[in-house]
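Undergrad: Dumping the structure here so I can ask a few things about it.
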Amino acid sequence: MPQVTVTIAGQTYRMACGEGEEGHLEGLAASYDARIEDMRVAFGEIGDLRLHVMAAIAQADELHETKRRVAALEAEVATLNSINASRDERLERIEARLAEGVQMAAERIEGLARSLNGAGQG
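Structure representation (structure tokens):
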């Protein structure tokens, strides 16, 4: 199993990860480290543990908001798909009625043609 070394808030950690996930894990650690540094600048030296907790909560909040937005978009897509399905069904009914009308018109034309042929022969 691959391992990577990351640095967060000045501390080095060796972590295992899945094959091919090394860069992803390093990127996550760098993002978390940057978040802690931003909070250190904003709040000063309030203790590493507190900074870690605040950074974790901030990232959890972002994740929660992202999940909420994804759920809202999925609901919107479902609504749009439902509207499209309804339109498709309506279009199919219109096409069926149109085909029925064309068939009826063709039968009437054939009937008229037969009657005109019969009248012309007599």
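Offset between the sequence shown (1-based) and this note's numbering: plus 33.
All C-beta atoms in this analysis are idealised placements derived from N, C-alpha and C, irrespective of residue type, glycine included.
Remember, it's a predicted structure, so these values are computed and weren't measured experimentally.
Quick check: what's the CA-CA separation for L82 versus A88?
TA: Against the sequence shown, residue 82 aligns to sequence position 49. Against the sequence shown, residue 88 aligns to sequence position 55. Approximately 10 Å between the Cα atoms of the pair.
Undergrad: Pull up the distance between the alpha-carbon of S148 and that of E125, whole angstroms please.
TA: Here residue 148 refers to the residue found at position 115 when the sequence shown is read from its first residue. Here residue 125 refers to the residue found at position 92 when the sequence shown is read from its first residue. Near 34 Å, if we compare the C-alpha coordinates of E125 and S148.
Undergrad: Tell me the DSSP secondary structure of I41 in three-state form.
TA: Numbered from its first residue, the sequence shown carries residue 41 at position 8. Strand.
Undergrad: What span of residues does the alpha helix (DSSP H) with M34 cover, start to end?
TA: As a position in the sequence shown, residue 34 is number 1, starting the count at 1. Where M34 is concerned, there is no enclosing alpha helix (DSSP H), given that its DSSP letter is neither H nor E.
Undergrad: Would you mind sorting R123 into buried or exposed? The rule is 16 or more other CB atoms within 10 Å of its CB.
TA: Indexing the sequence shown from 1 puts residue 123 at position 90. When all chains shown are included, R123 counts as exposed.
Undergrad: Can you list, in chain order, the residues of its chain with a C-beta nearer than 8 Å to that of M34? Leave out the 5 residues immediately preceding and following it.
TA: The sequence position of residue 34 within the sequence shown is 1, counting from 1. Same-chain partners within the cutoff: A49, C50, G51, E52.
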